[in-house]
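*Asks:* Pasting a structure here, questions to come.
2 protein chains.
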Amino acid sequence: MIHVAILGFGVVGGGTAEVLTQNHDLLEKTLGQPLSLKRILDLREFPGSPFASLVTHDINDILNDRDISIVVEAMGGLHPAYDFTKAALAAGKSVVTSNKQVVASRGAELLALAKEKGVRYLFEASVGGGIPVIGPLRRDLAANRVTRIDGILNGTTNYILTRMLSAGVDFGAALAEAQQKGYAEADPAADVEGHDAARKIVILAALAFGKLLCPERILCRGVGSVTTDDMQTAEAFGCVLKLIGHAEKIGERVLCTVEPRLLPAAHPLASINDVFNGILIEGDTVGRVWLCGPGAGKLPTASAVAGDVIEAAAHPAPPAADLPFRAADEEDYADAQAAVSAFCFSFAAGDDAREKIAAVPGQGQIIAQPGRISCISAPMTRRDAEKAAAAVGLPLLSLYPLL
Amino acid sequence: MIHVAILGFGVVGGGTAEVLTQNHDLLEKTLGQPLSLKRILDLREFPGSPFASLVTHDINDILNDRDISIVVEAMGGLHPAYDFTKAALAAGKSVVTSNKQVVASRGAELLALAKEKGVRYLFEASVGGGIPVIGPLRRDLAANRVTRIDGILNGTTNYILTRMLSAGVDFGAALAEAQQKGYAEADPAADVEGHDAARKIVILAALAFGKLLCPERILCRGVGSVTTDDMQTAEAFGCVLKLIGHAEKIGERVLCTVEPRLLPAAHPLASINDVFNGILIEGDTVGRVWLCGPGAGKLPTASAVAGDVIEAAAHPAPPAADLPFRAADEEDYADAQAAVSAFCFSFAAGDDAREKIAAVPGQGQIIAQPGRISCISAPMTRRDAEKAAAAVGLPLLSLYPLL
């Protein structure tokens, strides 16, 4: 009999309790043994909930319960989630989490502790909600040297950009809609400014390249300054504008960025709309695969958590291999300013704009829209793109790399 | 030390040998132990190949070699691939395969034998080439009751349909192009008539619903009769025509079909073009996820095979759970004639075509093209659709269900 505890009875914790209960027969059949939800930790009481009798306010009721072998951490935030995770692993329990903040900042340490204690630390739900992506990266694609990863990793901002394009509403109106529909938090900063996507891309990069970068140290631009004019410019170039988490290995260093980018309409991620997420993985053997679906939400996230609970129950001991990643050192960070792409420049149109824009190296088609003139450059470093923009002598409205 | 043998040194076997060699350090790091390719079975000699010294013509050299714990079956065809698989499992070796024909017709028996012998029978490469789909279905999505699966499962026919749409060439010309590019076999019947896709959809359905249908017994229509007029009609209705493998559970029975269907342009599979494959899985917990990438090819398929080799090496014993599926009984087959969808009808236009087409129940927009008139019906059974077509009294040009 496998006994499970859940820390945090919010959206994800509640969804997990629901799935473990409703699909109980299926889980036991898959697992080949009985599975039981024994305890739920939360500060609140839940009178009337079918799970009310399982609720405790004391983490020690879980840590000291020798029956409980798997702890689901669904609290969110760094503390006390990190501390409870550490204590649970130290007590010889496997931990399954949806908490990208803890994984992105302390994942290397927690994986090492899990290995030392002979238990699992699993986090499929921390990236891409219900989309299988960490499992495929670690297992099905394990024979690949991953060359790059690009992902639409945040559903809220993808909804906002989709609405700005399809309904022509501005950023503020699209955000208000997202909040009204429950897609965006009351304080949407972590989504809108790209921090949520930054945590997710460093986790994926860690699995692909073995080094966990600090999410606060990567180049991260959100969608707050994207305008409907930008969206229309992208469209005029046959592209769509998406918030992309990008990771690649440059020599021995790892580059991770989060920023709005132009995607050609035929790019596999260009058709990922609304709150959906999509992750494109490029490997030396497989080529390109893309994995798409609901990147958030109560039940999709619980699907990923419950999948990891099954994994931890079926294989309670960690694999014999090396740890999948370690914390990055100073010399593991690639210089984002030196990364090369083509860029879309948009300038405020002046009398001599067409002449001046010729100063941008390698531009092809020039698109004129009311009040702005735009071009696509030749591939260049971000540093050179900023220099080129300054050299043109027209006010820069926006500068986006192409994917 | 894990010793591997490969049966069949063709495209997939050769690709697997290449990946096991080129990404050897990566595989050993992932596995935490040494891995070695020891033998290759083929009727031919391969003088000059770096693997020439490993080649044997006698299966007993592999079956009797106690060092070899994992056998990769990449021979294709039913015999002797099935017989060698059985012998290898009986000899206590795990078998990894890309052979959809063997899995689709004998998979249930071989899984049972593997379980009895305490070894693995793994077949990620049998569906979707390099796309992780069997792993995600069995593991990451294991907490879901799958409600339906729809897939573009054959790259050759997807290439043909893509070219018919984008270049306006007819079926014969598109097929010739596919053959010239090496996407289609000299004898393309298994692809074109849908049998390849039928094998793949019964494998996916077996994993989702626990019952392996016989691929020869499911409704299977290929793309041979699709015309460029059909493609244009689909487009006029805002759809694209794709060859879709479909599986769902109807009561306790399983429905599997392969046929060309109209997909609304916004459907996640509508943008899967060229030789790519895509599989959309619907589960009660996760909602919809779709997994896409190269559905065939030497290295993509080898990526899936090598992933399963790692899995068999890391977990040589089968899971404690029930077998994932058993062979279907007579009463497991759902009646494809009773399955309900909307249908696209195209009739040869006559003088009174618009009046007559009013006999099709629930049609909305009517599209007239030179020589043909088309409508979309209300949802109805396939049986009723065929009756409705006959009742109209105009020659039927095509009848396709919508996805």
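First to last, the protein sequences are chains A and B. Going by the numbering used here, the first residue of the first sequence is number 19, and it counts up by one from there. Going by the numbering used here, the first residue of the second sequence is number 19, and it counts up by one from there. Built from N, CA and C at the ideal position, the CB exists for glycine as well.
Distance check for residue 238 of chain B and residue 405 of chain B, CA to CA, integer angstroms please.
*Replies:* Approximately 20 Å, taken between the alpha carbons.
*Asks:* For residue 139 of chain A, which residues of its own chain have a beta-carbon under 6 Å away from its beta-carbon, when the five flanking residues on both sides are left out?
*Replies:* Excluding residues within five positions, the ones whose Cβ falls inside 6 Å are 113, 128, 129, 132.
*Asks:* Name the two residues that bound the continuous alpha helix (DSSP H) containing residue 342 of chain B.
*Replies:* Here residue 342 of chain B belongs to no alpha helix (DSSP H), and DSSP marks it neither H nor E.
*Asks:* With 9 Å as the threshold, decide whether the Cβ of residue 136 of chain B is near any Cβ in chain A.
*Replies:* It does not; no Cβ of chain A falls within 9 Å.
*Asks:* Quick check: is the beta carbon of residue 324 of chain A nearer than 9 Å to any beta carbon in chain B?
*Replies:* Chain B contact via Cβ: present.
*Asks:* Note the first and the last residue of the continuous alpha helix (DSSP H) segment covering residue 318 of chain B.
*Replies:* 316-332 is the extent of the alpha helix (DSSP H) around residue 318 of chain B.
*Asks:* Flag residue 47 of chain B as yes if its beta-carbon sits less than 9 Å from any beta-carbon of chain A, otherwise no.
*Replies:* Closer than 9 Å to some Cβ of chain A, the Cβ of residue 47 of chain B qualifies, so yes.
*Asks:* Could one say the Cβ of residue 286 of chain A lies closer than 9 Å to chain B's Cβ atoms, at least one of them?
*Replies:* For residue 286 of chain A, the answer is yes, since a Cβ of chain B falls inside 9 Å of its Cβ.
*Asks:* Taking Cβ to Cβ, would you say residue 153 of chain B is nearer than 9 Å to residue 329 of chain B?
*Replies:* A contact, by the Cβ cut-off of 9 Å.
*Asks:* Taking C-beta pairs closer than 7 Å, name the residues in chain A that residue 153 of chain B reaches, listed in chain order.
*Replies:* 153, 154, 157, 158, listed in chain order.
*Asks:* How long is the line joining the alpha carbons of residue 95 of chain A and residue 174 of chain A, rounded to whole angstroms?
*Replies:* Whole-angstrom Cα-Cα distance: 18 Å.
*Asks:* Secondary structure at residue 117 of chain B, three-state DSSP: helix, strand or coil?
*Replies:* Here residue 117 of chain B sits in coil by DSSP.
*Asks:* Can you find a CB in chain B that lies within less than 9 Å of the CB of residue 148 of chain A?
*Replies:* Judged by the 9 Å Cβ criterion, residue 148 of chain A is in contact with chain B.
*Asks:* On the criterion of 16 or more Cβ atoms from any shown chain inside 10 Å, does residue 199 of chain B qualify as buried, or is it exposed?
*Replies:* Label assigned to residue 199 of chain B: exposed.
*Asks:* Would you list, in chain order, the members of the region 338-355 of chain A that have their beta-carbon closer than 9 Å to a beta-carbon of chain B?
*Replies:* From the region 338-355 of chain A, only 338, 339, 340, 342 have a Cβ closer than 9 Å to chain B.
*Asks:* Give a yes or no on whether the minimum CB-CB distance between residue 304 of chain B and chain A is below 9 Å.
*Replies:* Yes, because at least one Cβ of chain A sits closer than 9 Å to the Cβ of residue 304 of chain B.
*Asks:* From which residue to which residue does the alpha helix (DSSP H) around residue 42 of chain A run?
*Replies:* Run containing residue 42 of chain A: 42-49, per the alpha helix (DSSP H) assignment.
*Asks:* State yes or no: is the beta carbon of residue 291 of chain A nearer than 9 Å to at least one beta carbon in chain B?
*Replies:* Closer than 9 Å to some Cβ of chain B, the Cβ of residue 291 of chain A qualifies, so yes.
*Asks:* Could you spell out where the alpha helix (DSSP H) holding residue 410 of chain B opens and where it closes?
*Replies:* Per DSSP, residue 410 of chain B belongs to the alpha helix (DSSP H) from 400-410.
*Asks:* Touching or not, the region 355-366 of chain A and the region 281-290 of chain A, by the rule of three or more beta carbon pairs under 8 Å?
*Replies:* As far as the Cβ criterion goes, the region 355-366 of chain A does not touch the region 281-290 of chain A, which means the pair count is below three.
*Asks:* Which residues does DSSP list as the beta-bridge partners of residue 139 of chain A?
*Replies:* BP columns for residue 139 of chain A point to A/113.
*Asks:* Kindly indicate if chain A contains any beta-carbon less than 9 Å away from that of residue 82 of chain B.
*Replies:* No, its Cβ sits nowhere closer than 9 Å to a Cβ of chain A.
*Asks:* Please classify residue 61 of chain A: is it buried, with 16 or more other beta-carbons within 10 angstroms of its beta-carbon, or exposed?
*Replies:* Residue 61 of chain A comes out exposed.
*Asks:* So, does the CB of residue 172 of chain A fall closer than 9 Å to a CB anywhere in chain B?
*Replies:* Not an interface residue.
*Asks:* Quick one: complete beta strand (DSSP E) runs, 3+ long, within the region 54-128 of chain B?
*Replies:* Whole beta strand (DSSP E) segments, 3+ residues: 86-91, 112-115.
*Asks:* Which same chain residues, not among the five before or five after residue 41 of chain A, have their C-beta less than 8 Å away from its C-beta?
*Replies:* Once the five neighbours on either side are set aside, the close Cβ partners of residue 41 of chain A are 324.
*Asks:* At least one CB of chain B closer than 9 Å to the CB of residue 97 of chain A: is that the case?
*Replies:* With 9 Å as the cut-off, residue 97 of chain A does not count as an interface residue toward chain B.
*Asks:* Given that residue 163 of chain A touches chain B, what residues does it touch there, using C-beta distances under 7 Å?
*Replies:* 41, 44, listed in chain order.
*Asks:* What number of angstroms, rounded off, separates the C-alpha of residue 86 of chain A from the C-alpha of residue 104 of chain A?
*Replies:* Spanning the two alpha carbons is a distance of roughly 15 Å.
*Asks:* Looking at C-alpha atoms only, which residue of A/232, A/196, A/227 is the closest neighbour of residue 213 of chain A?
*Replies:* When only C-alpha atoms are compared, the closest one is A/232.
*Asks:* Please confirm whether residue 416 of chain B has its beta-carbon closer than 9 Å to some beta-carbon of chain A.
*Replies:* Not one chain A Cβ lies under 9 Å of residue 416 of chain B.
*Asks:* Would you say residue 423 of chain B faces chain A, with C-beta separation under 9 Å as the test?
*Replies:* Since the first and last residues shown for chain B are 19 and 421, residue 423 of chain B lies out of range.
*Asks:* Thinking just about the alpha-carbon of each residue, which of B/88, B/108, B/261 is nearest to the one in residue 334 of chain B?
*Replies:* Of the listed residues, the one whose Cα sits closest to residue 334 of chain B is B/88.
*Asks:* Go ahead and pull the three-state DSSP assignment for residue 176 of chain B.
*Replies:* Looking at residue 176 of chain B - three-state DSSP - the assignment turns out to be helix.
*Asks:* Would you list the residues sitting across from residue 418 of chain A in a DSSP beta bridge?
*Replies:* DSSP lists A/362 as partners of residue 418 of chain A.
*Asks:* Classify residue 233 of chain B as helix, strand or coil using the three-state DSSP reduction.
*Replies:* If DSSP states are grouped into helix, strand and coil, residue 233 of chain B belongs with the helices.
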